[in-house]
Each structure stands twice: as C-alpha cells, then as structure tokens.
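Asks:
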Amino acid sequence: TTRTPHFLGLNASSGLWPSSNYGADVIIGIMDSGIWPEKKSFWDTGLSPIPERWKGECEEGTDFKASLCNKKLIGARSFFKGYEAAMGPINETTEYRSARDSEGHGTHTASTAAGNYVRHASLLGSAAGTAKGMASHARIAVYKVCWKGGCFNSDLLAAFEQAVIDGVDIISLSIGGGVLPFFLDPIAIGSFGAMEKGILVSTSAGNGGPSPLSITNVSPWVLTVAASTLDRDFPALIRLPNHAHYRGVSLYDGNALGRRQIPLVYAGNAGLPGSNGSANLCMAGSLDPADVKGKIVLCDRGISARAAKGMVVRDAGGVGMILANALANGEELIADSHVLPAALVGYGAGVAIKDYITQTDNATANIIFTGTVVGVRPAPVMAAFSSRGPNPANPEILKPDVTAPGVNILAAWTSRVGPTELPNDDRVVDFNIMSGTSMSCPHVSGLAALLKGAHPDWSPAAIKSALMTTAFNIDNSGNYLMDGSDSNISTPFSFGAGHVNPVRALNPGLVYDLDVQDYVDFLCGLNYSTSWLSTFTKGQYKCSEGGSAMSMRPENLNYPSISFVYKQDENSTTYVGSITRTVTNVGLPNSVYTLAAIPPPGVAMKVEPPTLSFGRLDEKKTFTVTCEAGAKSLVPGDSDSTFGSLLWTDDTHIVHSPIVFTW
Amino acid sequence: AAQAAPAEASIYIVHVSKAHMPPIFTEEEQWYSSTLASVKGYEPQEFNREQEGPIYSYGTVMHGFAAKLTEAQAEALKSVNGVLLVIPDDALVELH
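One line per chain: the protein sequences are V and W, in this order. Counting from 423, one number per residue, gives the positions in the first sequence under the working numbering. Counting from 231, one number per residue, gives the positions in the second sequence under the working numbering.
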C-alpha cells in the first residue's frame, strides 16, 4: 500500500518497524484466492534467510513452479479436494489448479500484509508512491482455499491443518460466511486449533453494513477487523451549467471529457422497452443506445457491480457516467477504476442531480478529475459497508474488535483480470485499488506480525489486547469517529475498541491475556454438550473443575472490551451485575495505574479497586466492574445499547476498553 | 428437489473422538475408511479408498474427516460409536 503505513504512523526511524525488524522472523499464512508470485511485492530483495523452523512447501501445479517461491513467498499450497468433490473438476480455462491467483483478491491481501517495497507504484497514475506491506520483511505462506464457485469449509479446514503443521505465526483470513454456533462453524473450529498452537488468526468482519447484527467471524479467539477510510481521496467534480457543483470520487485520471458541457441523461429515463424498471441501475442490456449515445449517464448504485455499470454505459454509447449512491450507502464514496470517465457521488448529490435533470429540458454536465489528494479530513471514517454489531452469537463479547484502513486500498494485483474484475476489462495492472473488510484485515495481520516480531513471547490474546487497548476513536479533526453511512457519530458496534494505533500497541502497558483453558471455560459457560466441546478440545481440555459458575459466565472471559447484557423479562425492574477482568503488566516493573471511567449513559457503574499497583513485570491484578440500571420499555425482541469507556492510566500508558450495556 | 434426488451425495465434515477408535486400528485413516465403508454398504475388500474414502483426514485443528456422503449415509454415520458431529459442508463462505 502507498499511504496506510504513513497514516498508521509507521516509520523507519523508531517504533514498531525497527523494533520488530520489519517482521523478518514472522510467517504470515494467507488463506485466500492464491497469489500472483511474479509481482514485485513478492520479490525477496533485502530479506534474510528463511527461518529454519519453517516446514512448509511450495507446491507445484498449473502455471506454478516450486522455483517461484523465494525468501519472501516461502510457501504456496492449494486446497480443492472438497471443491472438486462437490462442484466437479476445476475449469482450468478460467482458473488455475494451483496457488496461482486468477481473482486478484489473494494477491491484494498478501501484499497488504507483507509485501516488499515497490517504488513508483500506482493504479493508472492514482495513489502513486512506494508500495509496501505492513510487515515488509515478514514471510508469506499462501493457502489457496477460494475458487470461482466459492470457498469450501472442508478445504479451509485442511488449510488450517497444514498452516499449523507448516509453522505459520499469524493467519490472515479475509473471508467469511454467516454466523453459526461455534461448533458448526469451521472457521471458528480451525482458528481455535490455530490459537491452541499460539497462532493469531486475524479475520475480516464482513461487508454487511450498515445493518445491525451483520458482523461475522465473531468467535472470541479471533481478531475481528472492521473497515474505515484513510486520509486519501480521489476527487472528481461534477459541474452543472446552473453553477451547481458536486463532489464525487473517481480513479479516472484523464481528460477525455475536456471542459465542455456534455448532454446528461438519467438512466431511469433511458431504458429499452422491457427493461422492467432496471434501467436506472444500468443493468446489462437495459439502456437504449438512442437515448444514451454521446451522453453522460446518471446511474443509481445497487444490484450490479459499480464498475459493471460503467461497462454497460460504454457499450450503449455513453461517454461518461455519474454513479449515485443509494440511501443505504449514504455519503460514503468508494473509488473504482471505471472503463470510461466516471465518478461516484453521495446520495444527496445524486438526488440533487436527478432533480436538475427533471427540471431541465436539455440537461448537461461535466466531470473534472483532479487526481489523488492526501491529508483528507475527517479520517478515519467508518465504512458504510463494514459489518456492524451487536454480536448475534454472543452479545457478551463485543465485536468487531478493531477497525483499520479498508477503503480505496492500493495493493498488488493479478495479471489475469483487469482492475474492474470484469470479463471485458483486459487492462493488465500491477496494482489495484480495492475496498472491503478484506482489505482492512491484512493490515491488522501485518501489524500483528510486527508485534509478534517485537514480542516473540506474547500469546495471540496478548497481541490482540495490545492492538485493542491502544486503539483510538478520535479522528484527525478531533471528533469522534464518524459513520460513513449517515455522517453521525459511530459506536463500538462499528469500530469495536477503535482504530488500530501500532505506535502505541508496541508498548501497551497492560494486556488482557487469555490461554486455551480460558476459551474452553468460555465454551463451558455457553453450556456446551460434551460432543460440542470435544470438537474444540479434542479430548485434551475439560471445563475447569475449580471454576465457579461466575468465572465461566461468557461475559467474564478476560476480553479487552466489556459487554453487559441485561436480559429483561416482564417482572424485571433493575439490573445489577458484575464482570471481572485481570490485567498483566507488560510495561514497567514498578507502576501504578489509576482509573478513569465513563459509564454508559443511563447506567451506574463502579470499578473496584480504582488503583492497580504493580511491583514487577508479568504481575497480574484483577478488578471488578459493577453496573446497575433500570429496566427499559422495549418492543419485544428489540434491544437498546449505550456505550462507555474504562481507562487505566499511568504516566505513559492509556489502557482503554469500550464498555457496552445492552438492554 | 431434495426428495426427488435422495441419493445425491454432498460433502460432510465429520468430527470424531479419537479416544473411541477401536484398538484394531493403528492409524486414524484406517478407522475413517472402515467407518465410511460401513455406512456406504461396501465390504472392506471392495472399498476403494481413493474414490470412496475420506476427502481429507484432520488431526491437528480438529479430529475427523471430510467425505462425500448421501443424506442417508450421513445420518447413519451419526450413530457410529465415536462420531461426535456430522456437519454438511454447505455453509456459504466467500471473499470479503
């Protein structure tokens, strides 16, 4: 990526990069759609020898020789037995029966996590700079599990098995499905097994936002990553002859439209007979060339891919496109590498431009493309598409855990498909700009690799805690993180503990640590049957005999965020409940932390003790948070939540946990 | 549609308790193949492990295997001693 290391505060002179030797001793397993190994991001220039403990392999397959691996790409395997057993043989005219990436997604995520430095990177001139992954010296091991027809759980489990055996340290998983009970969820099972072996699994939260309860990958032993913007934009100005102008975004970097006004038509008024009301969405075959030729076409966002609409407009003879967000997309602007001059505008601008077209006989417009700008404010802003809590499986565990850059991210790309991913886009690019929680997840995977490099003895839970308790929720304008879907203040249901801050995560002061037995007791607290529990424990762990019902309550899992759930019934008038947490001192031997708590509105909160005194490193201290709240009048089946904070501070550290209270 | 094609096979993930592996087997794969042969109605000497056996054997992050089974075979597998769970591999997982 060309901008996010700077945005995240990573620099060569101090902090996480030099402290971790850029992750040189750390191996990141990427479970995705494969890799295009020849891209410069995967060259091994400047890398030390491969860690001797590595047991992985570079498997040969279609268009994939073992010699393609090097000191950067140290492993490449593909898993398709489940896929082929269910779907039949892989169609080798459209994809490779090997780890080679025909989609681009896996190449993008791998280079975001751990790509090497590449100078003069850009997408057709946009986002230009030196591309680099978060952990630029970490090693990449690719496990291809996703194919044109989807990703099969049997293949995914096989990849987890192999990654653990091979010896990866971090697993980056930018995939997911629906939320299932943990014992039915292969990602939960595979990642539990990885966690048992000391491997941190970083997963994407999903792109189901802004709907509540859309969050996925919610098991407490994975790090669940939401997506937000960075301080970079690709502005395009829509100018109307009535002197109105509207701000949009575009990756088009040319001057094809000049400065003249061009006839403008709303796609909804330019449909072929029989287009059945789909013309406004610029669906394939819906536009009448007689109405569109030589014009800029205003299309509504939805159903089909954004870039596909540009293809439809071009094929119908249009010379440009304005794409208008739907109400659910709000004012969030995602840039695409359209095949014609085009820009995306927010919902409000779309409505205004449509009003102008309706009120004008010969509507015209022009699009001015101004290239890449940085230093944009406010940033970060929560992506509208990023999946939201509350956690539908266990509201006692707040999800997502953190947010990271996931909008308009430049990273390496396959040579097999063009930047729009459309069949007719035959442009070959080295880098592409993509958006999704798939893009934010590998950022955090790379940061976790850096923390593993700097603190090799830290558990997966300690690394996760460091990233969570040091995260911030104030943007670069000094305001609370904004929600891109409605421009209101966002909540921990969208950003979790906040936006990752790797500068502070290197030295978090205190961590909320967890081991395998803690997670087993969490499952015991969910009243799992012996069979369900055995899918995780494999007979090696039991519910703690000395554990009390209190310690096995799911909310008492020693998680870096805190969630109270008041299960109100008809007779209930008041809730009083306590949650305990234990922090481990990883800062200075002699340190005293004092409490600064902000109770959720409508909730009385007490924390005991209010001071934590440590005499040595690795010392543990336990505290209790007690909340009291009255019942609320709710529609049956509905819920309400308020949010607070808990901070432990000494002279140099701020250890922050979000608190959620849900009625 | 499911009733119209009752014999159609799909992929299942089978969780087992290795503590229940009969002592006549020295390796998990033998147990899995034998178990599959029993629910698929094959005599052990007819059972083609390559075609009818497990697609994958798992022994690290979970204990068990993946196999192609009919619904009836999957149901039969649930009553085999040592089988904990039989889960269809039909949950949609996609790139984010």
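Yeah, the Cβ is synthetic: ideal placement off N, Cα and C, and Gly gets one too.
Please report the distance separating the alpha-carbon of V644/V from that of G615/V.
Replies: Going from the Cα of V644/V to the Cα of G615/V covers about 11 Å.
Asks: Which of the residues in the segment 625-649 of chain V, read from start to end, lie with their CB under 7 Å from any CB of chain W?
Replies: From the segment 625-649 of chain V, only S626, G628 and N629 have a Cβ closer than 7 Å to chain W.
Asks: Output the distance between the C-alpha atoms of L872/V and R561/V, rounded to the nearest integer angstrom.
Replies: The alpha-carbon atoms of L872/V and R561/V are separated by roughly 11 Å.
Asks: What do you reckon, are the CB atoms on V767/V and A746/V nearer than 7 Å?
Replies: In contact: V767/V and A746/V (Cβ atoms closer than 7 Å).
Asks: Give me the residue from S463/V, I452/V and M453/V with the minimum Cα distance to D852/V.
Replies: Nearest option by C-alpha distance: S463/V.
Asks: Name the chain W residues whose beta carbon is nearer than 9 Å to that of V564/V?
Replies: Within chain W, no residue comes near V564/V; the closest Cβ sits about 14 Å away, beyond 9 Å.
Asks: At least one CB of chain V closer than 7 Å to the CB of H326/W: is that the case?
Replies: Yes, H326/W counts as interfacial toward chain V.
Asks: Whole angstroms are fine: how far does the CA of T786/V sit from the CA of V564/V?
Replies: Those two C-alpha atoms are separated by around 50 Å.
Asks: Opposite T1071/V in the DSSP bridges: which residues?
Replies: Bridge partners of T1071/V: T1016/V and I1076/V.
Asks: Under 9 Å Cβ-Cβ, which residues of chain W neighbour P608/V?
Replies: Ordered by position in chain W, the residues that pass the 9 Å Cβ test against P608/V are I243, M292, I317, D319, A321 and V323.
Asks: Identify which residue in T1046/V, V796/V, E514/V and F917/V has its Cα closest to the Cα of F656/V.
Replies: Nearest C-alpha to F656/V: V796/V.
Asks: Which class does P642/V belong to by DSSP, given the choice of helix, strand or coil?
Replies: Residue state, collapsed to three classes: coil.
Asks: Quick check: is the beta carbon of F944/V nearer than 7 Å to any beta carbon in chain W?
Replies: Not one chain W Cβ lies under 7 Å of F944/V.
Asks: Hey, is Y286/W's beta-carbon within less than 7 Å of any beta-carbon in chain V?
Replies: It does: the Cβ of Y286/W has a partner Cβ on chain V nearer than 7 Å.
Asks: For S544/V, tell me which candidate among A893/V, P1032/V and N854/V has the shortest Cα-Cα distance.
Replies: Comparing Cα positions, the closest option is N854/V.
Asks: Would you verify that the beta carbon of G478/V is, or is not, closer than 7 Å to some beta carbon of chain W?
Replies: No, its Cβ sits nowhere closer than 7 Å to a Cβ of chain W.
Asks: So which of A239/W, V323/W, D320/W and K298/W has the shortest CA-CA distance to Y262/W?
Replies: Comparing Cα-Cα distances from Y262/W to each of A239/W, V323/W, D320/W and K298/W, the minimum goes to K298/W.
Asks: Expressed to the nearest angstrom, what Euclidean distance is found between the alpha-carbon atoms of I450/V and Y981/V?
Replies: Looking at the two C-alpha atoms, the distance is approximately 24 Å.
Asks: Are any of the Cβ atoms in chain V nearer than 7 Å to that of R279/W?
Replies: Not one chain V Cβ lies under 7 Å of R279/W.
Asks: Going by alpha carbons, who is nearest to G620/V out of I593/V, G600/V, F605/V and G631/V?
Replies: If we check each option's Cα against that of G620/V, I593/V comes out closest.
Asks: Below 7 Å between beta carbons is the criterion; list the residues of the segment 570-590 of chain V that meet it against any residue of chain W, in chain order.
Replies: Within the segment 570-590 of chain V, the qualifying residues are G572, C573, F574, N575, S576, L578, L579, A580, F582, E583, V586 and I587.
Asks: Which ranges would you report for the beta strand (DSSP E) in the segment 602-690 of chain V if only whole runs of at least 3 residues count?
Replies: Those beta strand (DSSP E) runs which fall completely within the segment 602-690 of chain V and span 3+ residues are 622-626, 644-650, 657-661, 667-671 and 684-688.
Asks: Pick helix, strand or coil for N698/V, following the three-state DSSP scheme.
Replies: DSSP places N698/V in coil when its eight states are reduced to three.
Asks: Short of 6 Å in beta carbon distance, which residues of its chain neighbour V316/W, apart from the five on each side in sequence? Order them along the chain.
Replies: Closer than 6 Å at Cβ, skipping near neighbours: Y242, V244, A304, L307 and K308.
Asks: Please report the straight-line C-alpha distance between S268/W and F295/W, rounded to a whole angstrom.
Replies: Straight-line Cα distance between these residues: approximately 15 Å.
Asks: Any beta carbon of chain W sitting closer than 7 Å to that of A535/V?
Replies: It does not; no Cβ of chain W falls within 7 Å.
Asks: At the 7 Å Cβ level, is L267/W part of the contact set with chain V, yes or no?
Replies: Correcting the residue identity first, residue 267/W is Ala in this sequence and not Leu. No, A267/W lies away from the interface with chain V (no Cβ there is under 7 Å from its Cβ).
Asks: Which residues of chain W have a Cβ atom closer than 9 Å to the Cβ of S916/V, listed in chain order?
Replies: Here the premise fails: no neighbours, minimum Cβ distance about 16 Å.
Asks: Given that C568/V touches chain W, what residues does it touch there, using C-beta distances under 7 Å?
Replies: Result: L325.
Asks: Report all residues from its chain with a CB closer than 7 Å to the CB of S860/V; omit the five preceding and five following residues, and keep chain order.
Replies: So the list reads H527, T531, S596 and S626, once near-sequence residues are dropped.
Asks: Is any beta-carbon of chain W found at less than 7 Å from that of A508/V?
Replies: Chain W, which has a Cβ nearer than 7 Å to the Cβ of A508/V, makes this yes.
Asks: Taking the DSSP output, what are the residues bridged to K1043/V?
Replies: Answer is V1005/V.
Asks: Grab me the residues of P814/V's own chain with a C-beta within less than 6 Å of its C-beta, minus the 5 sequence neighbours each way, in chain order.
Replies: Excluding residues within five positions, the ones whose Cβ falls inside 6 Å are V601 and L635.
Asks: What is the residue span of the beta strand (DSSP E) that C946/V lies within?
Replies: Per DSSP, C946/V belongs to no beta strand (DSSP E); it is in the alpha helix (DSSP H), V938 to G947.
Asks: Just to confirm, are D730/V and L820/V a CB contact at a threshold of 7 Å?
Replies: Checking the displayed sequence, the identity of residue 730/V turns out to be Ala instead of Asp. Not a contact, by the Cβ cut-off of 7 Å.
Asks: Do R661/V and N788/V come within 7 Å of each other at the CB atom, strictly closer than that value?
Replies: In contact: N788/V and R661/V (Cβ atoms closer than 7 Å).
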